[in-house]
Structures are given as structure tokens and as C-alpha cells.
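Numbering (our numbering), first residue to last: 4 to 230. The beta-carbon is built from N, C-alpha and C at its ideal position, and this holds for glycine as well.
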């Protein structure tokens, strides 16, 4: 299969998986964060189960090897995370945190990081690496990773904002690919991706009044979220 055909194929697959997550979340009756978490969990866990059964899970190389090297290569990611916290300090301090909000925020961003790194680096990058240089494999896999984010235009009419995110995501993809390639360890990329998403995810939260007479998260939401 040529690089062009591979690119089209994996772009379609990645887009379908993202759309499937959104579809599952859209039909559930819980809070938005719970719905997103369930959709992401179902698709991600199904993908991992498939990889295990197909004997491809070990190719992902999720281990503790060379984690320190990955964090050194990914120092830019850590700096971005710190800047996110500093720039979002006012928003972060206005949020009325509850156990459910914190757990949902952590698990949702962890699932996103796990899914995107498994697909874009563990599967797509490795596939391009079979017949391309590491640089070219990184460019191609990062392009797919970035272009799929154009799907955000479906709920965000700000084209310039989405385009900026796509460009930004492309360069992030290159960094994550470099981390994965040089450490031979997907866990570091997952952790750094999670940290970056977590520190930028506070903007999606609104101040929540936690009271017995006005809770936006029901007991059912709490149970499902913890699961």
C-alpha cells in the first residue's frame, strides 16, 4: 500500500472512530462529561481488546522504558502545561470542584490521550515506519492526527480557530512521534499528552454549584463516571 493510500485509509479510520465516540456520547442521557467519558471508554477499550486478540498490543510498547528520556524530549509539552495553568488560573480558581468533576476531568483527558496515542503513534506511525524514514513517518502520521481535528468545525463555526488548532496539533504530533520513536515507549507520550490536555481542559468546565437541590450530576452519573 502506498503512502497516499495509507494516509487516506488511516484518516478515514481515525475519523470514523472519533465520530463513533461522539455518536455514543450524543445518545446517552447523562451529563456531557459522563457521556463523553463513556463514548471514549467504549471505543478505546474495544480498540485495545482488538489489538490484544490480534496479537498487536505488544507492538505498542507501553512500558516504563526510558520514561526520563521522553520527559526530556517533551520538555516543551511540560512548559505548555505550566503556561496553561498560569494563563487559566482565574478560571481554575472559579470552578466549584467536586469529587465527580475532578474524576471526570482526569478520566476523560486520560482516555483521549490513550486513544489518540494508541491510534496515531502506536498504530499509524508504526505502520508508516515500515517503509519510511522516522521523519517522514512522523510527518505523515502527524498530518493525519492534525487533519482529523478539522472535524471540530462541526460544532465550532470559527474556521480560523479550528485551523489554528490543526496546525498546533500537527506540531504536537511530531513531538509525540519523536518521543515514541526515541524512547520505544508509548507510555511517556500518553502521559505527556494527558498532562497537556488536562491543563487545558479547565476551559471546558463551568462553575458548578454543588448543592442537594441543584446538582447537575445525578447519582446515576456518579456511578457511571466512576466505572
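Asked                                                                                                        : Found
Between the CA atoms of residue 89 and residue 14 - distance to the nearest angstrom                         : 34 Å
Cβ-Cβ distance between residue 73 and residue 186 below 8 Å                                                  : yes
Residue closest to residue 184, alpha-carbon to alpha-carbon, out of 139, 59 and 27                          : 139
Nearest neighbour of residue 109, chosen from 131, 179 and 205 [CA to CA]                                    : 205
Alpha helix (DSSP H) runs contained entirely in the region 74 to 159, provided each spans 4 or more residues : 78 to 90, 92 to 97, 102 to 120, 129 to 132 and 137 to 150
DSSP state of residue 179 mapped onto helix, strand, coil                                                    : helix
Backbone CA spacing between residue 53 and residue 85 [nearest angstrom]                                     : 36 Å
Whether residue 147 touches residue 127 by CB criterion (8 Å)                                                : yes
Test item: CB-CB of residue 115 and residue 43 under 8 Å                                                     : yes
Distance between residue 132 and residue 145 (C-alpha atoms, nearest Å)                                      : 13 Å
Whole-angstrom distance between residue 68 and residue 160, CA atom to CA atom                               : 42 Å
Distance CB(residue 169)-CB(residue 149) smaller than 8 Å                                                    : yes
Anticipated Cβ contact below 8 Å, residue 47 with residue 117, distance rounded                              : 6 Å
CB of residue 196 within 8 Å of CB of residue 173, strictly                                                  : no
Host alpha helix (DSSP H) of residue 195 (start-end)                                                         : 189 to 203
Which listed residue (171, 107, 163 and 158) has its alpha carbon closest to that of residue 37              : 107
Selected residue, minimal CA-CA separation from residue 192, among 156, 24 and 66                            : 66
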